[in-house]
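**Student:** Taken in sequence, the protein lines are chains A and B. Counted the way my numbering counts, the first sequence spans residues 3 to 347. Counted the way my numbering counts, the second sequence spans residues 1021 to 1145. Just so it is clear, CB atoms sit at the ideal spot from N, CA and C, and this is done for glycine as well. Model, not experiment: these values are computed from the prediction.
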Amino acid sequence: MVDFGGWDMPVQYSGILDEHRTVRERVGLFDVSHMGEIEIRGPEALHLVNYVATNNAAKLKIGQAHYSGLLYPHGGFVDDILVHKVADDHYFLCVNASNQDKDYAHIVQSNRFNATVENAGPNYAQIAVQGPRGLETLQKLTATVLAPIKYYHFTDGAVSGASARIARTGYTGEDGFEIYVAPDEAPRLWNDLMEAGKEFGIQPAGLGARNTLRLESGIALYGHEIDATISPLEAGLDWITKFDKGDFQGREALEKQKAAGITRKLCGFEMQGRGIGRDGYEIQIDGSVAGWVTSGGPSPTLNKNVGLCYLPMDKSALGQKIHVMVRNQPVDAVVTSFPSYKRAK
Amino acid sequence: MYPENFRYTKEHEWVKVEGAMATIGITHHAQSELGDIVYVDLPKVGTTVEQGKTFGSVESVKAVSDIYAPVSGEVTAINEALNTTPEKLNADPHGDAWLIKIKLSNASQVDSLMSTADYQAYLGS
């Protein structure tokens, strides 16, 4: 167990590689109750969400969710979040555990609308059922017909007799569901899911596999690919930045950055020499410092050492040769596209 | 679990001394804490390692861990098999998956290391 933002979290159960493969091939169960929840309600809930977050929540239908960013006025990330539209006057945000209080304060401070903001983390536990057999596992415990729920959609129902928000979302690059329940229901639900998934080869999975799965799938992790010094344009998150929706926090800074042209961008890389590029390692090109590794490690699915890094725009082309500095030794690597893993749809 | 004829360090390396030669590895406890080992970085034959100083590293999926020399000496062999099958370190850390062999430069350094009983007590504490 490790301390993770004040939560005791398991890094691994049976082993990271085993858990990783279990999620890619069968079904894994993650206790992600540390994730924060913030609820925004009221007649102007949409206005507040659209002012603090970069994506356009006006496009969401009830029962739909999307990925979005909370930005500072200077255009750097406060956090990356999921926005779920529960009702016209109710949005449910899933935020990073360690950012929850900061996000809440930020949203409250930005609330010049007829809307209320609730820091609702203590009201929810979250269990993620991820992998190709996730649907079959969860279906055994709920009357809600899961197959018609599209990716990034959700519904409220009951799982194993407990009221639950059932979202077809995840952080693994696999199909699966994230289930929000009252904390006192969570231990029983966990045990019931483990039992239901037995016939499909379910295993519990920890933070270690969560990280290798999201890295292969090219999904950002706050504090690594994004933070207060990084803008969504640099992070390749233009697709969640909707300039045509009206004003939002950080917009002006992003417009300036766009007009001036961004100078660095997030790239994928693959190690060619012996060695593993890890988080924070320096990247050199032709003997000069060029950037840094944001996340790196072995890709269990591809059996290669891969990662994500920031590089100057003019040195970010696919195939660009780079050196990752592994314990002060340059090791050959090459810029690649990411994600390095995409599931077959 | 922990061979009686080994000596151990607080950093979870083991050494087996045979005359003027010593074989060095990491302990079962070390591999268990690291988890799936995916990469091993070892020194070259002919270089010297110095007691208490790092001479290489072992990487699991999650983390990098330095390896410290239990005793000083000149490297006479490295376990090349670990370059292609680092996972052997998880399976047989006290046997097949030794890391390096050295020629001792100061045999009395061995006396400063933990006995098997001491090491097991250290793990239990």
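For Gln1 (chain A), go through chain B and note every residue whose CB falls closer than 7 Å to its CB, in chain order.
**Tutor:** As shown, chain A starts at 3 and ends at 347. That puts residue 1 (chain A) outside it, with no answer to give.
**Student:** Suppose you measure from the CA of Thr1067 (chain B) to the CA of Ile1087 (chain B); what does that come to, to the nearest Å?
**Tutor:** Looking at the two C-alpha atoms, the distance is approximately 15 Å.
**Student:** Relative to the alpha-carbon of Ala1111 (chain B), which residue among B:Val1035, B:Tyr1028, B:His1048, B:Ala1040 has its alpha-carbon at the smallest distance?
**Tutor:** Selected option, being the one with the closest Cα: B:His1048.
**Student:** I need the DSSP call for Gln1140 (chain B), collapsed to helix, strand or coil.
**Tutor:** Three-state result, Gln1140 (chain B): helix.
**Student:** Identify whether Tyr182 (chain A) lies in helix, strand or coil by the three-state DSSP scheme.
**Tutor:** Here Tyr182 (chain A) sits in strand by DSSP.
**Student:** Just the C-alpha distance for Asp81 (chain A) and Ile1098 (chain B), rounded to the nearest angstrom, thanks.
**Tutor:** Each residue's Cα considered, the two are about 47 Å apart.
**Student:** Under a Cβ-count criterion, where at least 16 other Cβ atoms within 10 Å of its own Cβ denotes burial, should Asn305 (chain A) be classed as buried or exposed?
**Tutor:** Asn305 (chain A) is exposed by the Cβ-count criterion.
**Student:** Using the Cα positions of Gly220 (chain A) and Asn307 (chain A), report the straight-line distance between them to the nearest angstrom.
**Tutor:** C-alpha separation (whole angstroms): 14 Å.
**Student:** Determine which residues share a DSSP beta bridge with Asp1086 (chain B) and list them.
**Tutor:** According to DSSP, Asp1086 (chain B) bridges with B:Ser1077.
**Student:** Can you grab the Cα-Cα spacing for the pair Lys247 (chain A) / Ala164 (chain A), in whole Å?
**Tutor:** The straight-line gap from Cα to Cα measures roughly 38 Å.
**Student:** Alpha helix (DSSP H) containing Gln106 (chain A): first to last residue?
**Tutor:** Per the sequence shown, the amino acid found at residue 106 (chain A) is Tyr instead of Gln. First-last of the alpha helix (DSSP H) with Tyr106 (chain A): 102-111.
**Student:** Less than 6 Å between C-beta atoms, sequence neighbours within five positions excluded: which residues of the same chain meet that for Thr231 (chain A)?
**Tutor:** Taken in chain order, the residues that qualify are Gly78.
**Student:** Quick one: what does DSSP say Pro206 (chain A) is sitting in, helix, strand or coil?
**Tutor:** Here Pro206 (chain A) sits in strand by DSSP.
**Student:** In angstroms, rounded to a whole number, what distance separates the CA positions of Lys63 (chain A) and Thr56 (chain A)?
**Tutor:** If I take the Cα positions, the gap works out to 17 Å.
**Student:** DSSP beta-bridge partners for Asn1025 (chain B)?
**Tutor:** Its beta-bridge partners do not exist; DSSP assigns none.
**Student:** Indicate whether the contact test is met: 3 or more Cβ pairs, each with one atom in the segment 132-152 of chain A and one in the segment 16-36 of chain A, closer than 8 Å.
**Tutor:** Touching, yes.
**Student:** Just how far apart, CA to CA, sit Ala169 (chain A) and Cys311 (chain A)?
**Tutor:** So the alpha carbons of these two residues sit roughly 30 Å apart.
**Student:** So who's on the other strand from Thr92 (chain A), going by DSSP bridges?
**Tutor:** In the sequence as presented, Thr is not what sits at residue 92 (chain A); that position holds His. Bridge partners of His92 (chain A): A:Arg43, A:Ala89.
**Student:** Could you please give me the residues that DSSP links to Arg266 (chain A) through a beta bridge?
**Tutor:** In DSSP, Arg266 (chain A) forms a bridge with A:Pro314.
**Student:** Run through the segment 106-192 of chain A for me and flag every whole beta strand (DSSP E) of 3 or more residues, listed as ranges in chain order.
**Tutor:** List check, beta strand (DSSP E) in window: 118-121, 127-132, 156-161, 164-169, 178-183.
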